[in-house]
Each structure stands twice: as C-alpha cells, then as structure tokens.
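Under the numbering used here, read the sequence shown as residues 28 to 889, first letter to last. Where a beta carbon is used, it is the ideal one built from N, C-alpha and C, also for glycine.
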Amino acid sequence: MVRVLKPGICHLVGLLVLGPLALAQAPQRNTIQHIEIRGNRRIPEDTIRFYIQAHDGDAFDPARLELDLRALYKANFFETISIDERDGDTGKIVTFVVKEKPLIRSIEYPGAKSFTESNILDHFKQRKVGLTVDSQYDPAKIRMAERALKELLNLNGKPLGTVHTEIENIPPSSVRVRFVIDEGPKVRIGQIKFVGDKVFHDGELKDGLKLTKERGLMTIFKGTDKYHREKLEADIEMNLKQFYKEHGYIQVQIGEPLTRIFEGSRGFIPMFRKTKQQFYVEIPIDAGDQYRISGLKVVDSKLFKPEALERAFGLKKGDVANFKKIKDALEQIKKLYGNYGYINMSYLPEQNFDEQKKTMDLTFRIVEDRQFFVNQINFTGNTKTRDKVMRREFLLEEGKVFSSVLLDQSILRLNQLGFFERIEEKDYNAKPDDKTGTVDVGVKVKERSQQSIGLTGGVSGISGSFLGLNYTTNNFRGRGESFEFSVTGGTRTTDLIVSFTEPYLFDTRTSMGLSVFNQRYRFDTFSTFGFTSVVSGQPLELFTQRTTGSTLTLSRPLRYSFWRLGASYTYQRIGIGRIAAGFQSFALNQLIGFAPGGNPNAALKGIIRSEVTPMLSYNSTNHFFNPTRGSSLNLSVSVSGGILGGDFSMIRPSIEFRHFIPDKWLSHRRNTVGFRFLGQYIQAYGASTIPFFDRFFIGGETTIRGFDIRSISPMGISFTPHFDSAGNPEIDLNTGLPRIDKNLVPVGGDTLGIVNAEYRIPIAGPLSVAAFYDIGITRVSRPKSLGGFGASTLQLIGPTNSTVRGSTGAEIQFLLPVISAPFRLIFAFNPQVFDGFITLGTSPLHFREPRRDIKFTIGRSF
Numbered sequence: 028m029v030r031v032l033k034p035g036i037c038h039l040v041g042l043l044v045l046g047p048l049a050l051a052q053a054p055q056r057n058t059i060q061h062i063e064i065r066g067n068r069r070i071p072e073d074t075i076r077f078y079i080q081a082h083d084g085d086a087f088d089p090a091r092l093e094l095d096l097r098a099l100y101k102a103n104f105f106e107t108i109s110i111d112e113r114d115g116d117t118g119k120i121v122t123f124v125v126k127e128k129p130l131i132r133s134i135e136y137p138g139a140k141s142f143t144e145s146n147i148l149d150h151f152k153q154r155k156v157g158l159t160v161d162s163q164y165d166p167a168k169i170r171m172a173e174r175a176l177k178e179l180l181n182l183n184g185k186p187l188g189t190v191h192t193e194i195e196n197i198p199p200s201s202v203r204v205r206f207v208i209d210e211g212p213k214v215r216i217g218q219i220k221f222v223g224d225k226v227f228h229d230g231e232l233k234d235g236l237k238l239t240k241e242r243g244l245m246t247i248f249k250g251t252d253k254y255h256r257e258k259l260e261a262d263i264e265m266n267l268k269q270f271y272k273e274h275g276y277i278q279v280q281i282g283e284p285l286t287r288i289f290e291g292s293r294g295f296i297p298m299f300r301k302t303k304q305q306f307y308v309e310i311p312i313d314a315g316d317q318y319r320i321s322g323l324k325v326v327d328s329k330l331f332k333p334e335a336l337e338r339a340f341g342l343k344k345g346d347v348a349n350f351k352k353i354k355d356a357l358e359q360i361k362k363l364y365g366n367y368g369y370i371n372m373s374y375l376p377e378q379n380f381d382e383q384k385k386t387m388d389l390t391f392r393i394v395e396d397r398q399f400f401v402n403q404i405n406f407t408g409n410t411k412t413r414d415k416v417m418r419r420e421f422l423l424e425e426g427k428v429f430s431s432v433l434l435d436q437s438i439l440r441l442n443q444l445g446f447f448e449r450i451e452e453k454d455y456n457a458k459p460d461d462k463t464g465t466v467d468v469g470v471k472v473k474e475r476s477q478q479s480i481g482l483t484g485g486v487s488g489i490s491g492s493f494l495g496l497n498y499t500t501n502n503f504r505g506r507g508e509s510f511e512f513s514v515t516g517g518t519r520t521t522d523l524i525v526s527f528t529e530p531y532l533f534d535t536r537t538s539m540g541l542s543v544f545n546q547r548y549r550f551d552t553f554s555t556f557g558f559t560s561v562v563s564g565q566p567l568e569l570f571t572q573r574t575t576g577s578t579l580t581l582s583r584p585l586r587y588s589f590w591r592l593g594a595s596y597t598y599q600r601i602g603i604g605r606i607a608a609g610f611q612s613f614a615l616n617q618l619i620g621f622a623p624g625g626n627p628n629a630a631l632k633g634i635i636r637s638e639v640t641p642m643l644s645y646n647s648t649n650h651f652f653n654p655t656r657g658s659s660l661n662l663s664v665s666v667s668g669g670i671l672g673g674d675f676s677m678i679r680p681s682i683e684f685r686h687f688i689p690d691k692w693l694s695h696r697r698n699t700v701g702f703r704f705l706g707q708y709i710q711a712y713g714a715s716t717i718p719f720f721d722r723f724f725i726g727g728e729t730t731i732r733g734f735d736i737r738s739i740s741p742m743g744i745s746f747t748p749h750f751d752s753a754g755n756p757e758i759d760l761n762t763g764l765p766r767i768d769k770n771l772v773p774v775g776g777d778t779l780g781i782v783n784a785e786y787r788i789p790i791a792g793p794l795s796v797a798a799f800y801d802i803g804i805t806r807v808s809r810p811k812s813l814g815g816f817g818a819s820t821l822q823l824i825g826p827t828n829s830t831v832r833g834s835t836g837a838e839i840q841f842l843l844p845v846i847s848a849p850f851r852l853i854f855a856f857n858p859q860v861f862d863g864f865i866t867l868g869t870s871p872l873h874f875r876e877p878r879r880d881i882k883f884t885i886g887r888s889f
C-alpha cells in the first residue's frame with residue numbers, strides 16, 4: 028500500500044496514512060520489522076533517518092509515521108514523499124520513497140538591460156532571496172526572486188516591465204532557471220499634484236520633496252524622477268512632513284499617494300524629451316492649523332545657564348513653531364554637552380497646546396547624567412608608526428575629560444599627516460563604561476607606504492622632457508619625520524633637492540624644516556607671442572636661471588587649533604645666463620641695479636637674495652593627499668633686502684585659499700567640488716627694482732591649464748639705440764635718424780590673481796576624472812616698477828596688460844603609488860584668450876592664443 032505526500036496536500040495525510048494503514052494493521056503484528064529508504068540520490072540515508080523518529084522494532088503507529096512524514100517535508104529536501112508499507116515475516120516493512128528536489132545548474136536573466144547580473148545578485152542578497160546556482164530548486168524562492176526583479180525594474184524607471192520564469196529540466200535531477208525580463212518603456216514621473224488643504228503652492232511642496240521629482244534636466248543625472256513607492260513614502264515622511272513642521276503645521280496629515288500612468292507629451296530636445304508614458308502622482312494633504320510659540324524654557328541645566336541654552340533655539344514668543352530649528356538646537360545642545368564629557372546627556376520634552384489660541388508651550392528638562400573621562404586611547408594597525416607620533420596629534424588625553432568634538436578633530440589631524448589610508452567613521456569608536464564613568468577610545472589605521480625609491484620620467488609643461496630619481500619618506504623610522512632627496516634632469520629644468528622636516532622639535536610643538544637646493548630653470552617664451560625659431564618652430568629660450576641656496580622654516584600651532592604661525596629664512600645665489608638676443612637689452616638693463624658699480628655682467632654671475640617670510644596658515648582639510656572636505660588658507664609676506672642684506676629689496680605678499688565640498692546634490696557626497704584662489708603682489712622698495720625673473724608669468728598645469736607654462740604675461744616694446752665706439756648714436760642712412768632696435772618682450776606682472784574650480788569624480792581605485800574651469804590675470808599695476816633701462820625705453824602694450832584668460836575642460840587622473848601624485852591627461856578649451864594686433868615697426872602683427880590644448884603631466888593642480 029502506497030501513500031504520497033506532496034507540497035500543498037499536508038492536510039490529507041490523515042486520510043492517506045491513518046485510515047488505510049489502520050485498517051490494514053489488524054491481521055499483522057503491531058511492530059515495525061524494518062524501515063527502508065528509496066529514491067535518494069544526493070541526500071545521504073543517514074540524513075533522512077535523522078528526521079524519522081520511528082525505528083526497527085518500534086510499535087507500528089500511523090500517527091507517529093505521519094509526524095515523521097511531516098518532519099521530512101519540512102526539511103525541504105524533497106519534491107514528493109510517499110510511504111509504502113507491506114507485511115513482513117515479523118511485522119511491517121515501511122518504505123519512505125522520496126523524490127529529491129532538483130538542483131539549479133544555471134540561472135539566466137535574458138532581457139535585463141538596465142541593470143547587470145551583479146546588481147541582481149546584490150539585490151537578491153539584500154532581499155534575502157537565497158537563490159543561487161547549485162542550490163535546491165524551491166518554487167517559493169523563485170517567487171521571491173521574481174518580486175525582487177520587479178523591484179529592480181521599478182527602481183530603474185521600468186514599472187511596466189514584466190518577469191516570467193522558465194524552468195528547463197536537465198536529466199537526471201537538475202534544472203535550468205531563466206528569468207525572462209521584458210523591461211518595457213521607461214516611465215518617469217511626469218506630474219506631481221497636491222490636493223486638499225495644502226496651504227502652500229505646488230512649487231513649494233515639490234521643493235520640499237528631496238528624493239522624488241518631476242522629470243527635468245537635473246533629475247536625469249540624479250535619478251530622482253524614477254518612481255518607487257517606498258522611496259516616495261520615505262520622502263513624504265522625512266522631508267515633506269518636516270517642511271510643514273518647519274512652518275508650524277505640526278499636526279499635518281498626508282494621505283496615501285495615488286498613482287496612475289498617463290500618456291504625456293514629448294519635448295523637442297532629443298536628449299531631454301519626456302517619455303510618452305509617465306507617472307501621475309497625487310498626494311492628499313490636510314495641513315491643519317499653524318501653531319506659534321507661547322513659551323520655551325530649558326530647566327534643570329546645571330552646567331550651563333538655561334538662558335544661554337534657550338538662545339540656541341532662536342525662537343521667541345509669537346514665533347511660528349519651527350520644528351527644524353528646535354531639532355537643530357537640541358542637537359547643538361547635545362553636542363555642547365558632549366564636548367564637556369556629558370555624553371549621556373538627554374532631555375525630556377513637555378508640550379502643552381492651547382487649541383483655541385493655536386499656541387504651544389515647550390519645556391525641555393535636561394538630564395545631564397555624569398561626566399565621562401578618557402580611560403584609554405588605543406591604536407591598532409600602526410605596525411611602523413610609533414604610538415607617540417599618533418598620540419601627539421590627539422587632542423584627547425587619558426585621564427582628562429572626554430570630548431566628542433576633540434575626538435573628531437583628532438581624527439582629522441591624523442588624516443592630515445598622510446601616513447595612513449583615510450580614517451573613516453567606522454575606523455574609530457568611543458566605548459563608554461557607565462559604571463566607571465570612563466571612555467575607551469579605539470582607532471584602527473592602515474598604514475600607507477612610508478618610503479619610496481622611484482625612477483620618474485616623461486614630459487610636462489614645467490619640466491619639459493625629464494628623468495629623475497627620488498627617495499622620499501614622510502614617516503622616517505616611524506617617528507613622523509620627513510626626508511626627501513631628489514635629482515631631476517630635463518630639457519627645461521635640473522633640480523637637486525635635499526630636505527628634512529621634524530614636526531616636533533625636541534618633543535615640543537614647534538616644527539622645523541631645512542632644505543638645500545641647486546636648481547636650473549630655462550625660461551622659454553612661446554608661439555603665443557611669435558617667439559619661435561624659424562628653423563624648428565619650437566619656443567625660443569629667453570634666459571636660464573641657476574639658483575643655489577637653502578631655506579630654514581620654523582612654525583608652531585596656535586594652541587589646539589588648525590592655525591599655525593611660522594617664519595622661514597631663505598638665502599640664495601641667483602645666476603642668469605644664455606639671454607636671448609631680443610630679450611637681452613631688457614634683461615641687462617634691469618640687472619644694472621643689482622650689480623656693484625652698475626655692471627650687469629657682474630650681476631650675471633650671482634645675485635644674492637636674503638629673505639625672511641612670516642607665515643600664517645589654517646588647514647582643516649580631511650586628508651593630506653586627496654582632500655574631500657575642509658579648507659586651507661596660507662598667508663605670507665616675503666621681505667628681502669634692507670637690513671637682511673642681499674642685492675635687491677622687495678616685499679611680496681601672497682594669499683592662497685582652498686576649499687573642498689562633498690557633492691551632496693548629484694552624487695550623494697561621492698564626488699568633490701574644489702576651489703582655489705591665489706593672489707600675489709610684488710613691490711620693490713628703496714632703490715631697487717623688481718628683477719625680471721621674479722615677476723609673474725602664469726599658464727600651465729598648476730595655474731591656467733589650457734595655456735603653456737609662463738605664456739601669459741603683459742607685453743612691452745623695448746626701444747634700444749645703437750652707439751658707436753666713441754659713444755655717439757649711430758645714424759640710419761635711410762632715414763637720417765638715430766638707429767633704434769625695437770623688440771617685443773614679455774615683461775611679467777607685479778600682480779596676479781587666479782581662481783581654479785574642479786569637480787572631482789572617483790572612478791575606480793587610483794583612476795578618477797575631473798572637470799575644471801580656470802580663470803586668471805597677471806598685470807603690471809605700477810608701470811614705474813618696470814625700472815630703469817639705461818639708454819633703452821619700454822612701452823607697455825595696454826591690451827596685453829588687461830586681458831583675463833580662462834580655460835575649461837576635463838582631466839583623466841591616475842594616482843601613481845610610488846610618488847603619491849597623479850598622472851594627469853588634460854583636455855582643455857580656452858574660451859577667454861588674447862586675440863589682437865600689436866604694431867611693431869610699420870606693420871601690425873596679429874597675435875592669437877590657441878583655443879585648444881592637450882597635455883599630460885605629473886603632479887596636482889591644487
């Protein structure tokens with residue numbers, strides 16, 4: 028006699044087993060002679076017997092066999108289960124005949140275009156579907172998978188899409204599962220309508236929704252015009268209701284949104300045409316009455332005066348009850364208490380409503396709890412960096428009052444070192460012990476490479492073709508000291524630099540840096556202004572500057588803040604050589620003032636600069652190499668000459684400001700917006716003039732990217748008379764006038780201003796892209812600062828002194844791990860250029876700066 032149990036017929040077990048078996052047992056002995064298992068292929072017999080409580084020799088009990096049948100079914104191993112019982116010699120022989128559920132050999136998703144298989148598997152994991160290859164086929168999991176795929180279609184703006192499943196048997200006991208997806212048309216939100224007692228205009232309410240928007244230009248990139256019911260409900264709860272509560276409608280009621288799909292009109296712009304089928308969303312609202320504040324008090328505060336805490340709310344009697352202000356003030360108060368160690372501070376709100384006057388009286392009863400102190404500060408992951416190096420950056424101290432603000436600032440200071448991978452919020456914690464009133468702080472770090480030896484080479488705007496060898500360590504022997512040695516040789520530059528920085532000199536908070544350098548830099552001019560070789564078409568060399576010297580820097584933080592005050596002293600010997608013929612008169616006449624006896628040839632061999640630079644800086648950026656938030660400000664005034672000695676006397680103030688903001692509008696803080704402003708001015712004092720090599724020339728990958736290095740400069744015409752050996756003017760036989768050479772020279776500015784903006788997008792690992800816009804100008808603000816030229820005179824060309832240059836474009840950046848600097852491929856378009864005529868001699872010359880440029884370099888923009 029055979030009885031079968033299939034999924035869904037569990038209630039028939041009594042009829043299939045109890046009745047027939049009971050009738051059959053009378054003539055047989057009431058025992059089980061033997062239990063057999065048949066039909067299992069993959070499931071071991073021992074596993075099956077584990078779920079069967081009946082054993083050989085037990086009394087034959089149909090009710091007990093029914094329980095065993097149910098237990099096997101709940102194990103979810105089998106598609107069907109049946110019991111076969113027959114008479115044996117001494118009792119019943121009971122056979123459990125099973126048919127195993129097939130294994131899933133493959134899962135396919137034909138038709139999926141809006142999402143990848145990886146997206147599907149991630150969503151399955153999130154929804155706990157549990158459907159994988161080599162798992163048992165389970166119709167319940169198939170249905171869960173279908174629902175999850177439908178959710179993905181909705182999330183991607185395809186609510187009309189369908190999913191149906193095809194199961195293909197693969198003998199002997201496997202199946203192939205195919206989820207056939209028909210995505211259908213993309214349906215965006217075409218219209219959002221608010222009905223009822225809504226008080227506000229639809230436009231204001233649409234702005235109140237942050238996650239759900241009608242189709243528009245920005246929503247294409249943000250994806251907020253895709254309809255998803257759960258997202259809309261969350262948007263209403265978190266944002267739309269809060270919008271009403273900000274305006275005093277604290278009892279607002281928002282009903283269930285109604286949706287339907289309608290046929291909408293299409294736009295005219297191909298890329299931004301609305302889809303024909305669109306969602307219409309209708310949201311019913313009952314705003315209720317507007318409430319105002321009749322009173323607001325803070326009580327039971329011992330650490331702070333209640334009046335001071337009340338001022339944090341910014342609300343007075345008669346003001347609209349703004350719950351956002353109330354919430355922000357309470358968070359500010361909690362943070363304030365946390366800064367003094369009261370991390371368990373809480374508050375008990377009391378609200379009294381006057382329904383006739385529509386007012387509310389608020390009382391916040393402060394529960395300060397106890398003050399917490401720092402017990403231990405533990406660091407993990409710093410295998411090379413010494414604890415001492417990390418502890419001195421920590422503003423918290425063991426045994427002192429715990430402060431959540433100081434903890435956040437301490438993590439920021441560790442990130443600014445550049446020794447570790449970025450320390451995120453998940454990498455540190457503060458564990459309070461309520462019994463002892465102490466807090467244990469733990470910080471987990473992952474060290475970056477502390478030292479590198481690298482061979483570099485390539486082409487850049489600044490260095491030309493170059494080859495270099497460098498050794499750098501920013502954490503020498505784990506002590507936090509920096510040491511660098513580099514030698515670079517190129518067509519335009521040669522550098523030999525040795526530098527050392529001790530951030531905590533003699534274990535004090537004073538930082539000391541010393542660098543020694545020997546540099547050669549070839550200053551070229553460019554085809555922008557016609558200075559090219561007729562033979563090669565390459566830029567011509569204006570002059571070569573060789574500089575040897577050293578710089579000593581001392582700085583110290585201002586208390587426990589992000590401000591530093593410091594000063595540096597620089598001593599340099601500057602030599603000038605290989606001056607181009609067209610530039611020679613201008614250069615030599617400027618050098619007269621720097622040489623004993625007015626001999627410019629003596630100045631060519633070496634000019635002494637003795638300079639001191641007081642500095643004030645602020646830095647709250649969150650990372651040394653790649654900041655994503657925070658600001659930095661550098662103020663300095665370089666003073667040379669005078670009582671310091673040297674061959675020229677100048678004052679050079681400078682300001683540089685950088686600011687970084689995570690983009691919360693388009694990328695949910697994944698991307699970064701960066702700004703920089705650089706302003707400089709230089710002025711000579713006493714009898715000195717500004718040397719041409721200290722004047723400002725801009726352009727290049729660190730200033731205005733679409734222009735060649737140092738190609739932006741005011742221009743002038745140099746008029747140089749010729750003299751015979753007796754010192755008399757030479758006469759031009761054709762004109763009868765003194766012979767005068769006219770040369771077009773870049774004179775450089777005494778004032779510069781540059782603004783850079785970037786939108787940085789990380790792609791994967793070390794790869795990122797950035798969109799940029801650069802704008803700047805260098806000009807001669809004081810023409811008299813150009814100095815004397817002996818017998819020569821200089822005429823400044825006005826249009827070249829007032830043209831603002833601008834460049835925009837994109838960069839592809841790849842971070843080079845050896846030098847922790849990016850390789851940058853720059854594509855630039857220049858919307859603002861100099862394009863005009865300059866008269867030199869009898870005919871005008873047309874000068875036009877290039878509109879496009881492609882270049883690559885190594886290093887950061889700012």
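Cβ-heavy atom distance, residue i to the ligand ZN, below 7 Å
i	result
His274	Of the ligands one can find in the structure shown there are none, so the ligand ZN has no counterpart to examine.
Cα-Cα separation, residue i to residue j
i	j	result
Ile709	Phe684	19 Å
Thr929	Glu508	In this structure the chain extends from 28 to 889, so residue 929 is not present and cannot be described.
Arg878	Arg215	40 Å
Ala348	Pro186	40 Å
Arg242	Gln304	12 Å
Glu757	Pro765	6 Å
Pro212	Glu135	22 Å
Glu531	Gly540	Going by the sequence as given, residue 531 is Tyr instead of Glu. About 10 Å.
Ile370	Phe331	15 Å
Ile788	Thr655	11 Å
Phe399	His650	30 Å
Gly408	Tyr455	12 Å
Glu178	Gln218	22 Å
Ile133	Leu422	It is worth fixing the name first, because residue 133 is Ser in this sequence and not Ile. Looking at the two C-alpha atoms, the distance is approximately 57 Å.
Val428	Phe889	38 Å
Asn770	Tyr548	23 Å
Ala714	Thr500	44 Å
Phe874	Thr827	10 Å
Ile606	Arg591	41 Å
Gly464	Ile404	15 Å
Buried versus exposed, by CB contacts within 10 Å (16 or more), residue i
i	result
Val831	exposed
Thr231	A small fix is needed here, since residue 231 is Glu in this sequence, not Thr. Per the 10 Å Cβ criterion, exposed.
Ser752	exposed
Pro71	exposed
Ala167	exposed
Gly825	exposed
Ile670	exposed
Bounding residues of the alpha helix (DSSP H) (the contiguous stretch that carries residue i)
i	result
Ala175	166-182
Phe684	Per DSSP, Phe684 belongs to no alpha helix (DSSP H); it is in the beta strand (DSSP E), 677-689.
Asp316	Per DSSP, Asp316 belongs to no alpha helix (DSSP H) and is neither H nor E.
Arg256	256-262
Asp95	89-101
Residues that residue i bridges to, as DSSP identifies them
i	result
Tyr708	Thr778
Arg786	The sequence shown places Tyr at residue 786, not Arg. For Tyr786, which the question treats as bridged, DSSP gives the partners Val700, Ala798.
Asn653	Answer is none; Asn653 lacks a bridge partner.
Endpoints, beta strand (DSSP E) assigned at residue i
i	result
His61	59-65
Contiguous beta strand (DSSP E) assignments of at least 3 residues, all confined to the stretch 366-416: Entirely contained in the stretch 366-416, the beta strand (DSSP E) runs reaching 3 residues are, in chain order, 373-381, 386-394, 400-407.
Start-end ranges of the alpha helix (DSSP H) lying completely within the stretch 215-241, minimum 4 residues: Runs of the alpha helix (DSSP H) inside the stretch 215-241: 229-235.
Complete beta strand (DSSP E) runs within the stretch 437-468 (minimum length 3 residues, chain order): Listed in chain order, they are 455-460.
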